[in-house]
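Asks:
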Amino acid sequence: MTGEQFQAIRLEVEAGVATLTLNRPDRLNAFDETMHAELRHAIGMVAKGRAAGSVRVLVVTGAGRAFCAGQDLSDRTVLPGATAPDLGLTIERHYKPLVLALRALEVPVIAAVNGVAAGAGANLALACDLVFAARSASFVQAFCKLGLIPDSGGTWVLPRLVGPARALGLALLGDRLPAEQAAAWGLIWRCVDDGELMAVVAQAAGQLAQGPTLGYALTKRAMLAGSGQDLAAQLDLERDLMRECGRSDDYREGVAAFMEKRSPRFVGH
Ligand code: T3D
Numbered sequence: 250m251t252g253e254q255f256q257a258i259r260l261e262v263e264a265g266v267a268t269l270t271l272n273r274p275d276r277l278n279a280f281d282e283t284m285h286a287e288l289r290h291a292i293g294m295v296a297k298g299r300a301a302g303s304v305r306v307l308v309v310t311g312a313g314r315a316f317c318a319g320q321d322l323s324d325r326t327v328l329p330g331a332t333a334p335d336l337g338l339t340i341e342r343h344y345k346p347l348v349l350a351l352r353a354l355e356v357p358v359i360a361a362v363n364g365v366a367a368g369a370g371a372n373l374a375l376a377c378d379l380v381f382a383a384r385s386a387s388f389v390q391a392f393c394k395l396g397l398i399p400d401s402g403g404t405w406v407l408p409r410l411v412g413p414a415r416a417l418g419l420a421l422l423g424d425r426l427p428a429e430q431a432a433a434w435g436l437i438w439r440c441v442d443d444g445e446l447m448a449v450v451a452q453a454a455g456q457l458a459q460g461p462t463l464g465y466a467l468t469k470r471a472m473l474a475g476s477g478q479d480l481a482a483q484l485d486l487e488r489d490l491m492r493e494c495g496r497s498d499d500y501r502e503g504v505a506a507f508m509e510k511r512s513p514r515f516v517g518h
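The opening position of the sequence shown corresponds to residue 250 in our numbering, with each subsequent residue numbered one higher.
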């Protein structure tokens, strides 16, 4: 998996942790067609790695001073009189599959937000399961500056994470939200000092890579399903997923380790 050659991203795997780096630093890691295609391929590789047992967590980060500045706008100029581009196509072809693929990955996905995350770049981070951000990083729902609406799930995730008042404030004003404020509002998991970001993320990723991967995958699935169904249906889902967990080697090991007063050795299934 690590031998794969990419142009706009990098993908490395070590000790069960796949690290996907958005790698167009001169454009603040904005998405272009190549990056979209490579991301799709890389996430597919991570899913295969999970099935083979070689990947148990994914970390997404950015090269250089930014996390991601959203869609690359350099080819989006619309000349007077020209036909308007169908932006719905980019959503359908790229952003929707990207967000759904990240959400569906059966491993925990960590965003290590090393710098500014704007537009679809901000919402890419928020599509990850755990968001750690450097203190100097910020989140910008930049869409309103272009006359657009938040995409990549922004209109879904923002009100759920921070409530409608703050979600609308972020979307309509497009101000930079500093990482510290984002953590205080519950938009992200943690804000850490810049120099510590990757070490803190590595620690969390290492912990998750040694954890009960199947249990994590089913936890993700249950949490996501919860926003679309009533309590009784959610309790039924918990019953079914709990049944699946109960048959896992990791459950057996977790209970044995507890009873023997030792650390568990989870195998991920
Ligand atoms: O189009 C569709 O298909 C629909 C889908 C849309 C999804 C979206 O993501 S829409 C939102 C697109 N993104 C933005 O609107 C953000 C644009 N960028 C910014 O607002 C700012 O650059 C930042 C807030 C991200 C960072 O500001 P700052 O001051 O730190 O950096 P800067 O000086 O603005 O940018 C540095 C360079 O990166 C600069 O190039 P230069 O002058 O050094 O040659 C700038 O043009 C370039 N850059 C930044 N963002 C983009 C970009 N180039 C192309 N596309 C970008 N999105």
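The beta carbon of each residue, even a glycine, is placed where N, CA and C say it ideally should be.
Taking C-alpha atoms, which residue in Val295, Gln483 and Phe255 lies nearest to Glu263?
Replies: Of the listed residues, the one whose Cα sits closest to Glu263 is Val295.
Asks: Comparing C-alpha positions only, which one of Ala391, Asp485, Leu410 and Ala451 sits nearest to Ala279?
Replies: Out of Ala391, Asp485, Leu410 and Ala451, Ala391 has the C-alpha closest to the C-alpha of Ala279.
Asks: Using the DSSP secondary-structure output, state which residues sit across from Glu261 in a beta bridge.
Replies: Glu261 pairs with Thr268.
Asks: Give the range of the beta strand (DSSP E) segment to which Phe524 is assigned.
Replies: Residue 524 lies beyond the range of the chain shown here (250 to 518); nothing can be said about it.
Asks: Report whether the distance from the Cβ of Gln320 to the nearest heavy atom of ligand 1 is below 6 Å.
Replies: Yes.
Asks: Quick check on Pro346: does DSSP put it in helix, strand or coil?
Replies: If DSSP states are grouped into helix, strand and coil, Pro346 belongs with the helices.
Asks: From the DSSP output, in three-state form, read off Thr404 for me.
Replies: Helix.
Asks: Here's the rule I'm using: 16 or more other beta-carbon atoms within 10 Å means buried, otherwise exposed. How should Gly337 be labelled?
Replies: Gly337 should be labelled exposed.
Asks: Within 10 angstroms of its Cβ, does Met284 collect 16 or more other Cβ (buried), or is it exposed?
Replies: Label assigned to Met284: buried.
Asks: What number of angstroms, rounded off, separates the C-alpha of Val380 from the C-alpha of Arg501?
Replies: The straight-line gap from Cα to Cα measures roughly 30 Å.
Asks: Three Cβ pairs or more, each shorter than 8 Å: is that satisfied between the region 303-316 and the region 324-342?
Replies: No: fewer than three Cβ pairs fall under 8 Å.
Asks: When the Cα of Leu467 is compared with those of Ala458, Glu487 and Leu457, which residue comes out closest?
Replies: When only C-alpha atoms are compared, the closest one is Glu487.
Asks: May I have a chain-ordered list of the beta strand (DSSP E) segments no shorter than 3 residues that lie completely inside the region 406-433?
Replies: Listed in chain order, the complete beta strand (DSSP E) runs (minimum 3 residues) inside the region 406-433 are 425-427.
Asks: In chain order, which alpha helix (DSSP H) runs of at least 4 residues are fully inside the region 442-476?
Replies: Those alpha helix (DSSP H) runs which fall completely within the region 442-476 and span 4+ residues are 446-458 and 462-475.
Asks: What is the DSSP secondary structure of Gly202, reduced to helix, strand or coil?
Replies: Lying outside 250 to 518, the shown extent of the chain, residue 202 is not represented and no answer is given.
Asks: Give the secondary structure of Cys440 by DSSP, where H, G and I count as helix, E and B as strand, and everything else as coil.
Replies: If DSSP states are grouped into helix, strand and coil, Cys440 belongs with the strands.
Asks: Between the Cα of Ile292 and the Cα atoms of Val304, Cys440 and Leu436, which residue gives the shortest distance?
Replies: Closest by alpha carbon: Val304.
Asks: Could you check how far apart the C-beta atoms of Leu395 and Leu436 are, in whole angstroms? I think they sit under 8 Å.
Replies: That belief does not hold up - the Cβ atoms of Leu395 and Leu436 are roughly 22 Å apart, past 8 Å.
Asks: Using only the heavy atoms of ligand 1, determine whether one of them is closer than 6 Å to the beta carbon of Val406.
Replies: Every heavy atom of ligand 1 is 6 Å or more from the Cβ of Val406, so no.
Asks: Using the beta-carbon count (16 or more within 10 Å), is Ile398 buried or exposed?
Replies: So Ile398 ends up on the exposed side.
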